[in-house]
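Peer 1:
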Amino acid sequence: MTTERRAEILDYLKAEHGITRVTMAWLRNRYDTSWDKLSRPRADAIAAWLKSEIVLHQPAKLPSRETEYVTLYSQQTGIGVFMAAARGEGFFEDKAEIALMMLRSYAKSLAEQGAKTAAPDTA
0 MTTERRAEIL DYLKAEHGIT RVTMAWLRNR YDTSWDKLSR PRADAIAAWL KSEIVLHQPA
60 KLPSRETEYV TLYSQQTGIG VFMAAARGEG FFEDKAEIAL MMLRSYAKSL AEQGAKTAAP
120 DTA
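Per numbering that gives the first Met the number 0, the sequence shown starts with residue 0, numbered consecutively.
#1: According to DSSP, simplified to helix, strand and coil, what is GLN112?
#2: Identify whether LEU146 lies in helix, strand or coil by the three-state DSSP scheme.
#3: Give the DSSP bridge partners of ARG20, in chain order.
#4: Cα separation between VAL80 and LYS36?
#5: Figure out for me which residue from ARG39, GLN74, ARG64 has the closest Cα to the Cα of LEU49.
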């Protein structure tokens, strides 16, 4: 197993503010450069490693075709937390009420921001 490029996945995700979209070929090449092609067990191994790094992905089951795209998001970023809450995964897997409260609070904040933007300037 060659793991020297795995950090590139995390670095790229960080540079993209915690969310990005890549092909499975890109992911495979950085996960293990000795792999010349992808398979179901290899996609599952990548998924397990991502989970250990607190990175979630969409679709929930990583594809085994190299041409497929996946969205990666880190639960250690704001966007990743909101995505995990909305999808009921990661920390929120068994905490639907907490996810709902958090998302509702965020929705309220967005609505308030929208109301301020839409309000005519009376000055």
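No residue lacks a Cβ here, since even glycine has one placed at the ideal position from N, Cα and C.
As the structure is a computational prediction, the values presented were derived from the model and not from experiment.
Peer 2: Walking through what the data contain:
#1: helix
#2: Past the edges of the chain, shown from 0 to 122, lies residue 146, and the structure says nothing about it.
#3: THR70
#4: 32 Å
#5: GLN74
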